[in-house]
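Per our numbering, the sequence shown starts with residue 8, numbered consecutively.
Using N, Cα and C, we set each Cβ at its ideal position, and we do this for glycine too.
These numbers were taken from a predicted model, which means no experiment stands behind them.
Everything below concerns the one structure shown next.
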Amino acid sequence: MTNRFGKIFTFTSWGESHGNKIGCVIDGAPAQIKLTESDIQYYLDQRRPGQKLTSPRNEADKVTIESGVFNGITTGAPISLIIENNNHQTKDYSDLKDVFRPGHADFTYYHKYGIWDYRGGGRASARETAMRVAAGAIARKILPNNIKIDTIIEQIGSLKAGNIDWEFAKNNIMRCPDKESLHSWQEYLEQIKESGDSVGAILQVRIQNVPIGLGSPVYNKLDANIASAIMSINAVKAVEIGDGFLLGKSYGSASNDQISIDDDKIRFHSNSSGGILGGISNGDDIIVRFAVKPTSSINKPQHTINTNYEAKTIQITGRHDPCVALRAAPVAEAMLACVLADHYLLNKNSKI
Ligand SMILES: Cc1cc2nc3c(=O)[nH]c(=O)nc-3n(C[C@H](O)[C@H](O)[C@H](O)COP(=O)(O)O)c2cc1C
8 MTNRFGKIFT
18 FTSWGESHGN
28 KIGCVIDGAP
38 AQIKLTESDI
48 QYYLDQRRPG
58 QKLTSPRNEA
68 DKVTIESGVF
78 NGITTGAPIS
88 LIIENNNHQT
98 KDYSDLKDVF
108 RPGHADFTYY
118 HKYGIWDYRG
128 GGRASARETA
138 MRVAAGAIAR
148 KILPNNIKID
158 TIIEQIGSLK
168 AGNIDWEFAK
178 NNIMRCPDKE
188 SLHSWQEYLE
198 QIKESGDSVG
208 AILQVRIQNV
218 PIGLGSPVYN
228 KLDANIASAI
238 MSINAVKAVE
248 IGDGFLLGKS
258 YGSASNDQIS
268 IDDDKIRFHS
278 NSSGGILGGI
288 SNGDDIIVRF
298 AVKPTSSINK
308 PQHTINTNYE
318 AKTIQITGRH
328 DPCVALRAAP
338 VAEAMLACVL
348 ADHYLLNKNS
358 KI
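Encoded structure:
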């Protein structure tokens, strides 16, 4: 398995959904950065389960810094982080030990490795994403602090936000950008949860104040790394940069981002490229859209097979997110912070 992310700012994560602990080692973080556990905790609290409309698995996700920081300042040594798993309930999964959950990774893990950790999916569980968020908190410290990363949920199932208000989205747990829609979105998700089903969603991440020049042609393009980082998040099945798929039915005359100089400032008339040209940031906002599939674990009967290839019916009653988008948002922001920090250091050190 590949458990390491990044080129010079790297993190290697370890731990399973139902193990004692999860953790990661971050390498390549420069010395002399102020870093405390609460800097990391701030972001972990946004991803934590046990909050309204998310999985009721109630983990505190308290992080400890085990190495690489002395008197609140990074030393340049590897930074090791640990979180204890306190609220795993293995009994929730004992009846699933030889049946493959449709839509989850059991089938492929079993056929590849001959074994899988049926207790919540082991490494395939989104428990692992806590360490991405922790690494992302450190990545943000490397980036210039005017870089802002924000996420909205544009669409949840069939409900699409009419109005996009980024400030409004910052202040509600659903990251709904439309004041008029928030209440109906909450009711919709409650209904989905009540019915034992799940639903997918489309999210948009906007990164502001990115300097020109991050990214490296030809095989280490910024957009290629972003797509890979986002696609590596559990349940993500589509990624777009800028106007993405829309460009496939557009015209050059409409989609080229024309350029002017106004008062000595460069201005792009539009941003269909999503802030990246030739794999390198052009200084405009980086826009990333992605879709998460509906949570695979649902409390409804579904057809499957067991490890003896016998037909079975499965109905999953454990604790699950009705829509993973709410908790995927901080994970996506963290992954993008890691990609940018990696490119920022590459660019700063050698303009590779
Ligand atoms: C934040 C987050 C929370 C998730 N929670 C659940 C969950 O409660 N139940 C579940 O079946 N899948 C959940 N998933 C999705 C699975 O981890 C994922 O579907 C599984 O690993 C299979 O991988 P794939 O969907 O990327 O192919 C979650 C994903 C994310 C990003």
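CB contact flag (Ile209, Ile33, <8 Å): no
Distance, Cα to Cα, Asn152 vs Ser191? 35 Å
Use the C-beta contact count for Gln39: other C-beta atoms within 10 angstroms, 16 or more gives buried, fewer gives exposed. exposed
Residues in the same chain with beta-carbon distance under 6 Å from Ile171, minus the five sequence neighbours each way, listed in chain order, please. Pro184
Going residue by residue through the stretch 23 to 91, where are the continuous alpha helix (DSSP H) segments of at least 4 residues, counting only ones entirely within it? 44 to 54
Is the CB-CB distance between Ala332 and Val295 below 8 Å? no
If the criterion is Cβ atoms closer than 8 Å, does the pair Asp264 and Ser277 meet it? yes
Starting from Thr19 and walking both ways along the beta strand (DSSP E), at which residues does that stretch end? Thr17 to Trp21
Could you pull the start and end residues of the alpha helix (DSSP H) that Val140 belongs to? Thr136 to Ile149
Based on the DSSP secondary-structure assignment, which residues constitute the bridge partners of Ser279? DSSP, once it has assigned bridges, lists no residue as partnering Ser279.
Among Phe16, Lys186 and His118, which has the Cα closest to the Cα of Leu343? Phe16
Is Pro37 near Gly83, with beta carbons less than 8 Å apart? yes
Is the beta carbon of Asp204 within less than 7 Å of some heavy atom of ligand 1? no
Can Lys300 be considered in contact with ligand 1, in the sense that its beta carbon sits closer than 7 Å to one or more heavy atoms? yes
Touching by the beta-carbon criterion (3+ pairs, under 8 Å), the stretch 131 to 144 and the stretch 18 to 33: yes
Which listed residue (His111, Ala131, Asn94 and Pro109) has its alpha carbon closest to that of Ser20: Ala131
Going by DSSP, name the residue or residues bridged to Leu166. Ile163
The stretch 200 to 215 in contact with the stretch 158 to 174 per 3-pair CB rule at 8 Å: yes
Starting from the Cα of Arg334, find the closest Cα among Lys14, Ser62 and Thr43 and give me that residue. Ser62
Note the first and the last residue of the continuous alpha helix (DSSP H) segment covering Phe252. Unbroken run through Phe252: none, as it is neither H nor E.
Excluding five sequence neighbours on each side, which residues of the same chain lie with their C-beta closer than 7 Å to the C-beta of Trp123? Asp113, Tyr116, Tyr117 and Gly129
Just checking Ala131 against ligand 1 - is the residue's beta carbon closer than 7 Å to any of the ligand's heavy atoms? yes
Return helix, strand or coil for Arg130, following the three-state DSSP convention. helix
Got a sec? Which residues, its chain only, sit under 8 Å from Asn92 by beta carbon, not counting five neighbours each side? Gly22, Ser24, His25, Gly26, Asn27, Lys28, Ile29, Glu66 and Arg134
Looking only at its chain, what residues have a beta carbon closer than 7 Å to the beta carbon of Asp328, apart from the 5 residues adjacent to it on each side? Thr61, Ser62, Thr302 and Arg334
Below 6 Å CB to CB, which residues in the same chain sit around Ile321 once its five sequence neighbours on both sides are set aside? Val106, Gln309 and Thr311
Beta carbon of Val331: closer than 7 Å to some heavy atom of ligand 1? yes
Any idea what DSSP makes of Glu247, helix, strand or coil? strand
Going by the CB atoms, is the gap between Leu347 and Ile154 shorter than 8 Å? yes
Out of curiosity, what's the CA-to-CA distance linking Asn315 and His350? 47 Å
If you compare alpha carbons, which of Lys104, Lys59 and Glu73 is closest to Asn313? Lys104
Would the beta-carbon of Arg55 be found less than 7 Å away from any heavy atom of ligand 1? no
Between which two residues does the beta strand (DSSP E) harbouring Thr302 extend? Taken as a continuous stretch (DSSP letters only), Thr302 belongs to no beta strand (DSSP E), as it is neither H nor E.
At which residue ranges does the stretch 157 to 231 contain complete beta strand (DSSP E) runs of 3 or more residues, listed in the order of the chain? 208 to 215
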